[in-house]
Structure formats: structure tokens, C-alpha cells
Amino acid sequence: MTNSTMELRAALRLLADEAPAVEALDHTAWSGQPGGQRPRRRLQMAAIAATVAVVAALVAGTQLIHHNHHATAPASSGRAVLEVRPLVAPGVLVLPAGARPSNLLQSLPFPIPRTAADYSRLDSARQRLLRTALTMTDCTHPTASTAVTRVACGPTLGGHQTAYLLGPSLFGHAGIKSATEVAPSPKIGETQWTVALQLRAPAAAAFGRFTTAHHTSDFVAHGATQCGVGSAPCGDYLGFVVNGSVVSIPLTMAPINGGTIQISGNFDKQSATTLAQQLNP
Amino acid sequence: MIVMTSGPGRTSATASASFETFIATAGNALLRVATVITADPAAAQDVVQAALERAFRHWGRIAGLDYPEAYVRRMVVNEALSLRRRAKRIVLTDEVPEPAPGPDPSGRIGEIEELGLAVRRLPPKQRTAIALRYFCDLADAQIAEHMGCREGTVRGYVLRGLRTLRVDLDVGAAAPASRDAATRPTSPQQERS
């Protein structure tokens with residue numbers, strides 16, 4: 007509980023950082039005689055307009071999420087495109103849809119970090135700027151994948167879409183030898199279906215190199231529910247992106263050289279089977 | 035610092051100069067508090083604007099107080115809570131349905147972000163009490179004064195708010211560690227430590 011109070015203070019400070027600047031206030035309102043009466047009507051109208059805008063944005067946001075939720079599920083036919091990319095920065099909650107600048111990430115006044123180590127070298131103001139840009143990701147129009155970094159949206163959390171900045175791909179579709187759906191083992195507390203991948207040698211080697219360099223061995227000490235300060239480093243997380251959407255961001259806990267990995271991601275029997283079929287070469 | 039005395043002798047020029055000085059020193063803090071209380075930067079701007087306009091009309095009296103900032107902050111809190119009532123009465127005929135907070139399916143959103151989201155979802159009075167206690171570091175008695183209620187009521191708001199925040203977090207935090215299985219080798223490789 008004492009720990010949460012500290013986190014609560016941090017969360018409140020983060021919320022306060024969204025405050026408008028003093029310059030945004032209408033200073034002409036107090037340039038005249040103190041004690042004078044000013045009509046309040048204009049302000050009330052502004053407040054109503056703002057509320058309407060917020061409600062509209064919320065409604066639009068809800069639709070967006072439902073829309074994208076379906077898009078996240080693997081299509082019933084055709085091929086699935088898989089990318090496995092390291093996490094660069096902590097995930098963010100995407101703001102509700104509305105008018106927003108496009109390509110905000112590209113217009114940042116510094117190069118986009120490619121790895122979690124790059125990200126951690128940015129000063130806190132730049133990190134915040136980057137994450138703010140990420141919150142404006144347009145999840146209805148995912149950016150095309152590039153060789154270097156990409157932003158991908160993930161499942162919704164509390165009604166908000168999530169967005170992640172991911173680094174260069176470790177391997178893609180060509181790296182998969184076979185894919186199989188795997189039933190959960192209730193004995194060890196598993197409740198969800200997963201998809202197991204057998205990797206070809208080059209992909210297995212790339213995956214082994216990465217997980218040897220980046221893994222968190224002390225799962226309990228890190229808590230492993232977030233990356234960043236006081237927890238597992240972002241670089242130890244991998245993003246599994248299927249058809250442009252993040253299906254899971256697992257934490258790497260040990261070097262994995264066997265060439266066999268499992269993808270989890272809220273799958274049931276149906277969706278795990280479909281994804282396995284789509285991933286099979 | 036210029037201390038204004040309330041009286042007929044003041045001139046409007048010095049009064050608005052002193053008021054501008056006040057805004058330069060306290061404006062940011064007021065906007066930040068308002069943003070936490072309303073959980074909406076645009077609403078915060080309206081709230082602070084309205085409170086400052088009202089403060090300006092009574093500036094002669096407020097400037098003479100020991101802590102003008104505390105007094106104006108109280109006006110901001112009042113304005114924020116009444117703005118919500120007004121806006122709700124006029125515009126929100128029914129609540130926008132929002133999905134219940136579920137577990138973080140991918141498991142990797144920062145805990146602080148998750149907590150911030152939970153704070154935004156609190157009822158206004160609970161969020162206000164929590165903001166004044168954990169953001170402004172005010173004592174319950176002062177919070178009660180700001181919100182125009184009893185100390186016991188303040189404690190009720192804070193406790194209910196904290197309980198909600200913790201429940202929200204438990205839901206979000208428990209799932210990923212146990213269920214969202216981390217990348218792991220499957221048999222025969224069992225390299226997990």
C-alpha cells in the first residue's frame with residue numbers, strides 16, 4: 007500500500023503534466039478595472055462546447071476500439087504476417103480518436119530510438135515527448151512496416167487501445183518452419199491456448215542471439231508487469247505482431263536457443279488454430 | 035512582492051499588474067491542480083480562467099489575505115466541481131458507455147499509466163480529494179475547507195478512491211504475471227530458471 011501511494015503521486019504528476027500553459031489563459035479578462043463585471047456566457051458556452059467535443063471523442067473512440075478489435079483477430083482465410091520485434095519504449099494508452107496530427111512521431115526533433123537502450127539514453131523530456139506522440143497513434147490506419155522501427159497497436163485496456171514502439175524485426179514469415187496450436191495445461195495454471203512455432207535455423211539463431219543478450223532471469227524480483235524504472239528493462243520484452251497488430255508482448259526470461267517458441271495472446275481454440283494455419287508455410 | 039491593501043486608494047493599473055504577477059507565480063500550479071481534478075486539460079483551462087476572472091473581481095480583498103494562492107485554489111476546486119454539475123445537467127443526458135476495465139491483455143502497459151487511467155475514471159469528488167491530498171499535500175482539514183464538506187466526508191472520499199484504485203490495479207496486475215505466459219522454450223528445452 008505504501009508503494010502504491012508513491013505510484014499514485016507519480017500518476018498524479020503525470021496527469022498534471024498535461025496541464026495547459028499559463029499563456030493559454032485569456033489574460034485580457036483581467037487587464038481592466040478589478041471588480042468590473044464580465045459576462046460569463048462566453049465561458050459557459052466554451053465549457054459546453056468542450057464537453058460536447060469530449061463526449062464525441064469518447065463515442066468515436068469506443069467505435070474505433072470495437073472496429074479494431076475485430077481487425078486484431080486473425081482473418082478466417084488467407085495468410086497471416088508475423089513479425090517479432092523487440093520493445094523499444096513502454097507501451098502507451100492511445101487517446102480517443104479525433105483530429106490529430108499525422109506522423110507526429112516522424113516530426114519529433116530527434117531521431118526515433120531503435121532499441122530500448124537508445125530510448126533509455128534519451129532525457130526524460132524527450133522520452134515523454136516520444137510517448138506523447140505514441141498516444142496519438144492512429145490505430146485505424148496502421149503504418150506500413152519498415153525494416154527499422156514500427157508502431158503497432160495492441161489489445162484494448164480499460165477501453166483504450168494500446169500502442170507500442172518496436173525495434174527492427176528479428177525474423178519474419180520466412181523464419182517459420184511450422185506452427186501448431188497448443189491447448190492450455192490447467193495443471194500449471196494455464197487457461198489460454200497458445201501457438202507454438204518451430205523456427206528455421208537462421209531465425210532460430212537470430213532469436214537465440216537476441217534472447218541471450220536480453221533476458222530477465224529474476225522474474226519475481228522484477229514483478230514483470232511493466233518495463234522501465236525499477237522493473238524489467240524494455241529491451242527484455244518482445245512484440246509479436248500479427249497482421250500489423252500486437253498480439254502479445256512477452257517478457258524473455260531465459261536465452262532461447264532451441265528454435266521453438268510459443269505465442270500467447272488471449273487465444274481460444276478457434277483463434278489459435280486459425281493463426282497456426284495461417285502461419286504455416 | 036507587492037502587497038495590495040484593500041481600500042479605495044488602489045489604482046486599477048497596479049491592481050492588474052499585481053494580479054499578473056500572481057498569475058505568473060501561481061498560474062501554472064493552479065492549472066496543474068485543475069488538470070488533475072478535472073482529468074481534462076481543456077476543462078482545466080476553462081475552470082482556471084473562470085476562477086481567475088472571479089478572483090480578479092475581488093482581488094483587492096484576496097490580495098490582502100495571508101495565502102492568496104490557497105484562496106484562489108479553493109475557487110478553482112469549487113469551479114471544477116460546479117462545472118461538472120453544470121455540464122452534466124446541460125449536456126450529458128446519459129453516460130457514455132465505457133467498457134469495464136479488464137486485465138491488460140498484453141500485460142506490458144506501465145503501472146503508472148494504468149494508475150493514471152484509473153484516477154481519470156474516479157468520480158469527481160473522490161478524485162478531487164485524492165488530488166488535494168496526494169498532489170497538493172493538504173491535510174484533511176484543509177481539503178474539507180476546499181471542498182466545503184466535513185473532514186469525515188473527505189476521508190470517506192479518499193478511502194473509497196484509494197480502494198477503487200487498488201482494486202483496478204489488482205485486476206490489471208494479477209493477470210499478466212500468471213497467465214500471459216512469457217516467451218519460453220517448450221519441451222525438450224526447459225531453460226527457465
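Chains C and B, in that order, are what the protein sequence lines are.
When you read off a place in the first sequence, starting at 1, and then add 6, the result is the number in the numbering used here.
When you read off a place in the second sequence, starting at 1, and then add 34, the result is the number in the numbering used here.
For each residue, glycine too, the CB sits at the ideal point set by N, CA and C.
Computed from a prediction, not measured in an experiment: that's the story for all the values here.
Mind checking which residues open and close the beta strand (DSSP E) that includes Ile269 of chain C? Along the first sequence, one-based indexing puts residue 269 of chain C at 263. Where Ile269 of chain C is concerned, the enclosing beta strand (DSSP E) stretches over 266-273.
So Val94 of chain C packs on Leu171 of chain C, CB below 8 Å; how close in whole Å? In the first sequence, counting from the first residue as 1, residue 94 of chain C sits at position 88. In the first sequence, counting from the first residue as 1, residue 171 of chain C sits at position 165. Indeed, because the Cβ distance is near 4 Å, the residues count as touching under 8 Å.
Taking contact to mean 3 or more Cβ pairs, one atom from each stretch, closer than 8 Å, check whether the segment 52-68 of chain B and the segment 112-131 of chain C are in contact. no
Taking C-beta to C-beta, are Ile118 of chain C and Thr155 of chain C nearer than 8 Å? Here residue 118 of chain C refers to the residue found at position 112 when the first sequence is read from its first residue. Here residue 155 of chain C refers to the residue found at position 149 when the first sequence is read from its first residue. It is a contact, given that the beta carbons lie within the stated cut-off.
Starting from Tyr105 of chain B, find everything on chain C with Cβ-Cβ shorter than 8 Å and list it in chain order. Taking the first residue of the second sequence as position 1, residue 105 of chain B is located at position 71. Per Cβ cutoff of 8 Å: no residues; Tyr105 of chain B is ~15 Å from chain C at best.
Check each candidate in C:Arg137, C:Lys193, C:Val98 and name the one with the smallest Cα separation from Gln112 of chain C. For this step, residue 112 of chain C is matched to residue 106 along the first sequence. Of C:Arg137, C:Lys193, C:Val98, the residue nearest in Cα terms is C:Arg137.
Taking a contact to mean a Cβ-Cβ separation below 8 Å, would you say Ala35 of chain C touches Gln83 of chain B in this structure? What you label residue 35 of chain C is simply residue 29 of the first sequence in a count that begins at 1. What you label residue 83 of chain B is simply residue 49 of the second sequence in a count that begins at 1. Cβ atoms of Ala35 of chain C and Gln83 of chain B: closer than 8 Å.
Residues in its own chain within less than 6 Å of Val60 of chain C by CB, not counting five upstream and five downstream? For the purposes of this step, residue 60 of chain C is identified with residue 54 of the first sequence, where counting begins at 1. Only weak support exists for where Val60 of chain C lies, its pLDDT of 37 falling under 50; the value from the coordinates is given anyway. Nothing listed; no residue qualifies.
Measuring straight from C-alpha to C-alpha, what distance separates Phe90 of chain B and Thr59 of chain B? By 1-based counting over the second sequence, the position of residue 90 of chain B is 56. By 1-based counting over the second sequence, the position of residue 59 of chain B is 25. Rounded to whole angstroms, Phe90 of chain B to Thr59 of chain B spans 15 Å at the Cα level.
Close-in-space but distant-in-sequence residues of the same chain around Ser270 of chain C (CB under 6 Å, 5 per side omitted): Numbered from its first residue, the first sequence carries residue 270 of chain C at position 264. Answer for Ser270 of chain C: Thr200, Ser254, listed in chain order.
How long is the line joining the alpha carbons of Thr279 of chain C and Leu285 of chain C, rounded to whole angstroms? Taking the first sequence and counting its residues from 1, one reaches residue 279 of chain C at position 273. Taking the first sequence and counting its residues from 1, one reaches residue 285 of chain C at position 279. Rounded to whole angstroms, Thr279 of chain C to Leu285 of chain C spans 10 Å at the Cα level.
Tell me, please, whether the CB atom of Pro26 of chain C is closer than 8 Å to any CB atom in chain B? By one-based count along the first sequence, residue 26 of chain C stands at place 20. By this cut-off, Pro26 of chain C is an interface position.
C-alpha distance - Ile267 of chain C paired with Glu187 of chain C, whole-angstrom precision: For this step, residue 267 of chain C is matched to residue 261 along the first sequence. For this step, residue 187 of chain C is matched to residue 181 along the first sequence. When rounded, the distance between both Cα atoms is 12 Å.
Would you call the segment 95-102 of chain C and the segment 210-222 of chain C touching, i.e. three or more CB-CB distances under 8 Å? Counting C-beta pairs closer than 8 Å gives fewer than three between the segment 95-102 of chain C and the segment 210-222 of chain C, which falls short of the contact rule.
Which residue marks the beginning of the beta strand (DSSP E) containing Ser126 of chain C, and which one marks its end? In the first sequence, the residue the question calls residue 126 of chain C occupies position 120. From DSSP, Ser126 of chain C is part of no beta strand (DSSP E) but of the alpha helix (DSSP H) over 122-127.
When the Cα of Thr72 of chain B is compared with those of B:Pro158, B:Arg184, B:His92, which residue comes out closest? If you number the second sequence from 1, residue 72 of chain B lands on position 38. Comparing Cα positions, the closest option is B:Pro158.
For the putative contact between Arg120 of chain C and Pro174 of chain C, defined by C-beta atoms under 8 Å, what is the C-beta separation to the nearest angstrom? As a first step, residue 120 of chain C is located in the first sequence; it is residue number 114 there, counting from the start. As a first step, residue 174 of chain C is located in the first sequence; it is residue number 168 there, counting from the start. Approximately 6 Å separates the beta-carbon atoms of Arg120 of chain C and Pro174 of chain C; this is inside 8 Å, confirming the contact.
Run of the beta strand (DSSP E) containing Tyr170 of chain C, from where it starts to where it stops: Sequence index remark: in the first sequence, residue 170 of chain C carries index 164 (1-based). Element bounds for Tyr170 of chain C: 166-172.
Is it buried or exposed, Gln160 of chain B, if we count other Cβ atoms within 10 angstroms and call 16 or more buried? On the second sequence, position 126 is the one that residue 160 of chain B refers to. Per the 10 Å Cβ criterion, buried.
With 16 other Cβ atoms within 10 Å as the buried cut-off, status of Pro102 of chain C: Taking the first residue of the first sequence as position 1, residue 102 of chain C is located at position 96. Counting the other CB atoms within 10 Å of its CB gives Pro102 of chain C a total of 16 or more, which places it among the buried residues.
With 8 Å as the limit, tell me which residues of the segment 78-89 of chain B have their beta carbon closer than that to any beta carbon of chain C; keep them in chain order. Hits within the stretch, in order: Ala78, Gln79, Asp80, Val82, Gln83, Ala84, Leu86, Glu87.
List the endpoints of the continuous alpha helix (DSSP H) containing Pro158 of chain B. If you number the second sequence from 1, residue 158 of chain B lands on position 124. Taken as a continuous stretch (DSSP letters only), the alpha helix (DSSP H) holding Pro158 of chain B covers 158-168.
Just to make sure I have the definition right: I need the residues of chain B whose C-beta is within less than 8 Å of the C-beta of Thr11 of chain C. Which are they? Within the first sequence, residue 11 of chain C is the residue found at index 5, counting from 1. Within 8 Å Cβ-Cβ: Tyr168.
What three-state label does DSSP hand Gly98 of chain B in the structure shown? Within the second sequence, the letter at position 64 stands for residue 98 of chain B. Coil, per DSSP.
Between the beta-carbon of Val188 of chain B and the beta-carbon of Asp174 of chain B, is there less than 8 Å? As a working note, residue 188 of chain B is residue 154 in the second sequence. As a working note, residue 174 of chain B is residue 140 in the second sequence. Yes; because the gap between Cβ atoms is below 8 Å, this pair is in contact.
In terms of residues, what are the limits of the alpha helix (DSSP H) holding Ile238 of chain B? Only positions 35 to 227 of chain B appear in the structure, and residue 238 of chain B is not among them; the question remains open.
Classify Ala219 of chain C as buried or exposed, calling it buried when 16 or more other Cβ atoms lie within 10 Å of its own Cβ. On the first sequence, position 213 is the one that residue 219 of chain C refers to. Per the 10 Å Cβ criterion, exposed.
When you compare the CB of Asp2 of chain C with every CB in chain B, is at least one pair closer than 8 Å? The question about residue 2 of chain C has no answer, for chain C in this structure spans 7 to 287.
Nearest candidate by alpha-carbon position, reference Arg206 of chain C, set C:Pro190, C:Ser184, C:Thr197: As a working mapping, residue 206 of chain C is identified with position 200 in the first sequence. Nearest C-alpha to Arg206 of chain C: C:Ser184.
Cα-Cα, which of C:Leu257, C:Leu176, C:Val157, C:Val248 is closest to Cys240 of chain C? Mapped onto the first sequence, residue 240 of chain C falls at position 234. Ranking C:Leu257, C:Leu176, C:Val157, C:Val248 by Cα distance to Cys240 of chain C puts C:Leu257 first.
Can you give the Cα-Cα distance for Arg15 of chain C and Phe169 of chain B, rounded to whole angstroms? Start at 1 with the first residue of the first sequence, and residue 15 of chain C comes out as number 9. Start at 1 with the first residue of the second sequence, and residue 169 of chain B comes out as number 135. Roughly 6 Å separates the two Cα atoms.
Which residues, in order along the segment 60-77 of chain B, keep a beta-carbon less than 8 Å from a beta-carbon of chain C? Gly61, Asn62, Leu65, Arg66, Val67, Ala68, Thr69, Val70, Ala73, Asp74, Pro75, Ala76, Ala77
Flag this pair as yes or no: are the beta carbons of Thr81 of chain B and Ala104 of chain B separated by less than 8 Å? As a working note, residue 81 of chain B is residue 47 in the second sequence. As a working note, residue 104 of chain B is residue 70 in the second sequence. Correcting the residue identity first, residue 81 of chain B is Val in this sequence and not Thr. Cβ distance not < 8 Å, so Val81 of chain B and Ala104 of chain B don't count as in contact.
Residues bridged to Ile255 of chain C (per DSSP): Position 249 of the first sequence, counting from 1, holds the residue named residue 255 of chain C. Paired residues: none, contrary to the question.
According to DSSP, is Glu145 of chain B helix, strand or coil? The residue given as residue 145 of chain B occupies position 111 in the second sequence. Helix, per DSSP.
Considering only their Cβ atoms, is the gap separating Ala22 of chain C from Asn249 of chain C smaller than 8 Å? Along the first sequence, one-based indexing puts residue 249 of chain C at 243. Along the first sequence, one-based indexing puts residue 22 of chain C at 16. Not closer than 8 Å, so no.
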